[in-house]
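Visitor: For what it's worth, my numbering labels the leading residue of the sequence shown as 1, then goes sequentially. Yeah, the Cβ is synthetic: ideal placement off N, Cα and C, and Gly gets one too. I have a structure I would like to understand better, so I am pasting it below and will then ask my questions one at a time.
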Amino acid sequence: MDNWQFIRMTAIWPVLIGATVAQAAWHLIWLVNGRKVGHSGAVASLSSGVLGWAATSMMAVVWDGSPAYWLAFTVGLAITAAVQVFAVAGRIAESWRE
């Protein structure tokens, strides 16, 4: 294991997943409502992001490098990529409406 693995798994990865979960929740609320996200939607997005950060942080603490953890890491990375693509598509759709 390299020297940066601890920092990647305890600092970078949980923040990335938490931010992605919050962004996904924001866009899902926007998609369902069809209008700007209000205060309650923003609180729900923030809350889900914090929960995503906490769950990923707990997983990172017990990381042992087993295949199950690498599978979870890969699935999380794929979901993160999908959310980013959805976010870009949402921004484009929103700009076309204006």
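Secondary structure at Trp-96, three-state DSSP: helix, strand or coil?
Guide: helix
Visitor: Let me confirm a value: Ile-92 is counted as buried when at least 16 other C-beta atoms fall within 10 Å, else exposed. Which label applies?
Guide: With fewer than 16 other Cβ atoms within 10 Å, it is exposed.
Visitor: If you compare alpha carbons, which of Ala-44, Tyr-69, Gln-5 and Trp-70 is closest to Ile-29?
Guide: Minimum Cα distance to Ile-29 is reached at Ala-44.
Visitor: Locate the alpha helix (DSSP H) running through Gly-18, then write down its first and last residues.
Guide: 13–33
Visitor: Which word fits Met-9, buried or exposed, when buried means at least 16 other C-beta atoms lie within 10 angstroms of its C-beta?
Guide: With 16 or more other CB atoms across the displayed protein chains lying within 10 angstroms of its CB, Met-9 is buried.
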